[in-house]
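Structure first, then comments.
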Ligand code: HPA
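Residue numbers (the numbering used here): 212 to 485.
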């Protein structure tokens, strides 16, 4: 049995009669939605085989099971980044464990830098596509045929069927929801102004150091994906300087709006067969 099957067994046992349907990955400074989960059952990552240590400030390192708007969720509170030195393939384990435990949909939140003047810090952007700038993938290596096919179709990486519920949730909450293309950089340094000019010319609207690896793993194993980025800053060259503190502070400030958006979204998909 693979390591993610062992982790899935623990998740299934802890979830009891409520196997999770929706997996969630929360970004830097954006984990407060986990506090809105009803009847939470907390499983430290240390109890889940193969879950790498989650190290960055602003990340808790635990799985929270429970319900949001009546939907069973499994929330990865604390995530892994390639820049921490994890083997990319290891980043597949938690998501595959969620899939095996029952999650058909993955919702990702992340912090990002904005490349659009008209999308200032504090703005929310639903991802409609991405650019894999490093050109690497957690799917490199022998294919796990039990999980998915060798070659993954990414034509609809962020599922258009989930755009409607997200847009409606934004309207209902009175929030402006931007839509655009997220470009993944490995980090951990922020980008240079010259890189940002290149990325803008390639069609990127936002830049960040996460999300794309998770999307690749989720799409490979057939989960549908929705993702929302919080603009915590303008990208390099568009403002005077960048820091992780700013990411955390701006993320925390936008957290209530993000929580409103996400709970509204979940309320809308809860009634549908995921
Ligand atoms: N670049 C990369 N990642 C980020 C940024 C940024 O400007 N802001 C928040 N995460």
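C-beta: ideal position from N, C-alpha, C; glycine also.
Quick one: what does DSSP say residue i is sitting in, helix, strand or coil?
i, result
"residue 469", "helix"
"residue 323", "strand"
"residue 387", "coil"
"residue 407", "helix"
"residue 480", "helix"
"residue 215", "helix"
"residue 234", "strand"
"residue 459", "helix"
"residue 363", "coil"
"residue 393", "strand"
"residue 373", "helix"
Grab me the residues of residue i's own chain with a C-beta within less than 7 Å of its C-beta, minus the 5 sequence neighbours each way, in chain order.
i, result
"residue 349", "299, 300, 302, 303, 424, 427 and 428"
"residue 343", "395 and 423"
"residue 347", "299"
"residue 436", "317, 319, 368, 369, 370, 426, 429 and 430"
"residue 481", "280, 281 and 282"
"residue 432", "307, 310, 358 and 359"
"residue 219", "308, 311 and 312"
"residue 365", "430"
Please identify the residue among the options whose C-alpha is closest to the C-alpha of residue i.
i, options, result
"residue 455", "437, 411, 333 and 400", "400"
"residue 286", "242, 379 and 297", "242"
"residue 384", "436, 391 and 376", "376"
"residue 279", "231, 421, 272 and 386", "231"
"residue 467", "282, 381 and 364", "381"
"residue 379", "474, 289, 404 and 321", "474"
"residue 321", "463, 477 and 478", "463"
"residue 469", "388, 296, 217 and 419", "388"
Can you give me the start and stop residues for the beta strand (DSSP E) that residue i sits inside?
i, result
"residue 250", "249-255"
"residue 283", "282-288"
"residue 272", "Unbroken run through residue 272: none, as it is neither H nor E."
"residue 431", "Per DSSP, residue 431 belongs to no beta strand (DSSP E); it is in the alpha helix (DSSP H), 423-431."
"residue 347", "Residue 347 -> no beta strand (DSSP E), and no H or E assigned at all."
Which residues in the same chain have their Cβ closer than 6 Å to the Cβ of residue i, if we skip the five residues on either side of it in sequence?
i, result
"residue 362", "none"
"residue 254", "225 and 274"
Tell me where the alpha helix (DSSP H) around residue i begins and ends.
i, result
"residue 297", "Neither: residue 297 is in no alpha helix (DSSP H) and is coded neither H nor E."
"residue 338", "Counting along the chain, residue 338 falls outside any alpha helix (DSSP H), though it belongs to the beta strand (DSSP E) covering 335-343."
"residue 438", "That residue, residue 438, is in no alpha helix (DSSP H); its beta strand (DSSP E) goes 435-445."
"residue 415", "Residue 415 -> no alpha helix (DSSP H), and no H or E assigned at all."
"residue 312", "303-312"
Grab me the residues of residue i's own chain with a C-beta within less than 8 Å of its C-beta, minus the 5 sequence neighbours each way, in chain order.
i, result
"residue 392", "338, 339, 340, 341, 342, 414, 415, 416 and 417"
Using a Cβ-based criterion (distance less than 7 Å to any ligand heavy atom), does residue i qualify as near the ligand ZN?
i, result
"residue 401", "No copy of the ligand ZN appears in this structure; the ligands present are the ligand HPA."
Could you tell me whether any Cβ in chain C is nearer than 8 Å to the Cβ of residue i?
i, result
"residue 362", "The structure shown contains no chain C; it is built from a single protein chain."
Checklist entry - Are the segment 310-321 and the segment 246-254 in contact at 8 Å, needing three or more beta carbon pairs? => result Verdict: no, contact absent.
Checklist entry - Any chance the segment 431-441 sits against the segment 335-347, with 3 or more Cβ pairs inside 8 Å? => result Touching, yes, given that three or more Cβ pairs across the two stretches are closer than 8 Å.
Checklist entry - Counting pairs of Cβ atoms below 8 Å between the segment 456-467 and the segment 368-386, do you hit three or more? => result At 8 Å Cβ cutoff, the stretches do not touch.
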